[in-house]
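Residues 86 to 482 (the numbering used here) make up the sequence shown, in order.
Every residue, glycine too, gets a C-beta built ideally from N, C-alpha and C.
From a predicted model like this one, the values you see are computed outputs, not experimental measurements.
A quick write-up on the structure given underneath.
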Amino acid sequence: MRTDVSLHTPVRTPHDAGATAAGPYVQLVRPDGSRVPSSYEHWVDDVDAAQLRSLYQDMVVIRRIDTEATALQRQGELGLWPPLLGQEAAQIGSARTLRPTDFVFGSYRENGVAWCRGVDPESLMRVWRGNAAAGWDPFTVNMAPTQVIIGAQALHAAGYGMGVVADGTDDAVITYFGDGATSQGDVNEAMVFAASFHTPVVFFCSNNHWAISEPVGLQAQVPIANRAPGFGIPSVRVDGNDVLAVMAVTREALERARSGGGPSFIEAVTYRMGPHTTADDPTRYRDAAELEEWRAKDPITRIEALLRADGLFTEDFAASVTARADVVAAELRAACIGMPAPAAMDVFAHVYAEPNSWLDTQQEEYARYLSAYGPDNDDGGPAGSDHAGAGKKGGRA
86 MRTDVSLHTP VRTPHDAGAT AAGPYVQLVR PDGSRVPSSY EHWVDDVDAA QLRSLYQDMV
146 VIRRIDTEAT ALQRQGELGL WPPLLGQEAA QIGSARTLRP TDFVFGSYRE NGVAWCRGVD
206 PESLMRVWRG NAAAGWDPFT VNMAPTQVII GAQALHAAGY GMGVVADGTD DAVITYFGDG
266 ATSQGDVNEA MVFAASFHTP VVFFCSNNHW AISEPVGLQA QVPIANRAPG FGIPSVRVDG
326 NDVLAVMAVT REALERARSG GGPSFIEAVT YRMGPHTTAD DPTRYRDAAE LEEWRAKDPI
386 TRIEALLRAD GLFTEDFAAS VTARADVVAA ELRAACIGMP APAAMDVFAH VYAEPNSWLD
446 TQQEEYARYL SAYGPDNDDG GPAGSDHAGA GKKGGRA
């Protein structure tokens, strides 16, 4: 297998390559932890022992977040949760290359990216517990809130990238989506705009092989990375379970964006080891043998093997990582269970940036409806007012 593919060269593989992950892609660390010679090595030459350990800890922590959130959903504390089990390297390797001033537009599964951007445990839980329409203020962490509409975030990224060009800064934009989203019009339209306006956008496709119950090979007759050059966007295919390889190709794409080279497309070949969401049962459509094949390529055990080979994986280090993951999981559980229920009228807050008479009318009607059940339910004022979402009586200013 050829493992060194230029960002500027379309990848050619058999038509079923998307379903089997066969064919060439950038890889720096094999599943057994051994290193792969590659021209991409210079992009991660600065990753020393401390940074490698940090990447490992990041992946362990977000897996712990993921398993804790899944357990919370099973226990009735969350309405839904989208697991990222198996995709830790793709999220950590790319997110840790970003600058604070770069902007991220993710889907609903980029909870690891959100963690890297500084989103706290309570904010990660807020949407999935049904307490808010958005989990965090996007401008405090430079990451847009969770996007459930498939592929819509790619258009947002293209538009933001056009703004970056207009502002004349060297900031970059990255947008994440799955393999299924590449069949959506929004993603393709976003690439048209990004290429046409030469925007500094990195399109990051986490090809986890399953768009809910649909295998990627059904909708991608060639590797997904092959599509981008048709829009005039250079692309690369990378082993998405190799955190160093993901970091290398993302750094290259970001450098291209910052230097005025325009957009890039990354296809990170990974695998969704859990369900699409906690409402899904993958055993109904997925072969158990396929899952076991990908367990052998686990991104965390791969870097653990590399650390062990370099004498960097000690008992003390392992214990400290486990302790850190347990602390974060405990914080997440406490924040979730202790989260106060939103006021009934909170549903109207933050819908529009400016006052909106149409929304005010809806809010007044709903307030009258609630008041029919007693004064404790009459807790709203017009959307956009000081009282909206505050749990107090309110009226027009």
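Your pair Ala243 and Val189 does not check out as a contact, with CB atoms roughly 14 Å apart and the cut at 8 Å. With contacts defined as CB atoms closer than 8 Å, Thr155 and Thr368 fail to qualify as a contacting pair. Approximately 6 Å separates the beta-carbon atoms of Thr355 and Gly171; this is inside 8 Å, confirming the contact. Contact between the stretch 243-262 and the stretch 326-346 is present, with at least three C-beta pairs closer than 8 Å. Shown here for Thr254: same chain residues with a beta carbon closer than 8 Å to its own, the five before and five after excluded, namely Thr186 in chain order.
Between the C-alpha atoms of Asp395 and Ala280 there is a straight-line separation of about 42 Å.
Among the bridge pairs identified by DSSP, Arg120 is matched with Val114. In this structure, the alpha-carbon of Tyr110 lies about 15 Å from that of Arg312.
If you compare the alpha carbons of Leu163, Trp128, Gly197 with that of Val413, the shortest gap goes to Gly197.
In this structure, DSSP gives Glu299 an extended state, which the three-state scheme calls strand. Closest option to Gly325, judged by alpha-carbon separation, among Ala135, Leu169, Gln238, Ala415: Leu169.
DSSP places Met228 within a strand segment (E or B) once states are collapsed to three. Close CB contacts of Pro116 within its chain, under the 7 Å cut and outside five residues either way in sequence, are with Ala381, Lys382, Arg387 (chain order). Taking the C-beta atoms as reference points, Val331 is found no nearer than 8 Å to Gly118. One Cα belongs to Glu352, the other to Glu375, and the distance between them is close to 20 Å.
Rounded to the nearest angstrom, the gap between the Cα atoms of Val406 and Val121 is 26 Å. Ser298 sits away from Tyr193, with the two beta carbons spaced by 8 Å or more.
Assignment of Ser320 by DSSP, reduced to helix, strand and coil, places it in the strand class. Its chain contains Thr182, Ala257, Val287 as the residues whose beta carbon lies nearer than 7 Å to that of Leu339, once the 5 sequence neighbours on both sides are disregarded; these appear in chain order. Secondary structure of Val204 (DSSP, three-state): coil.
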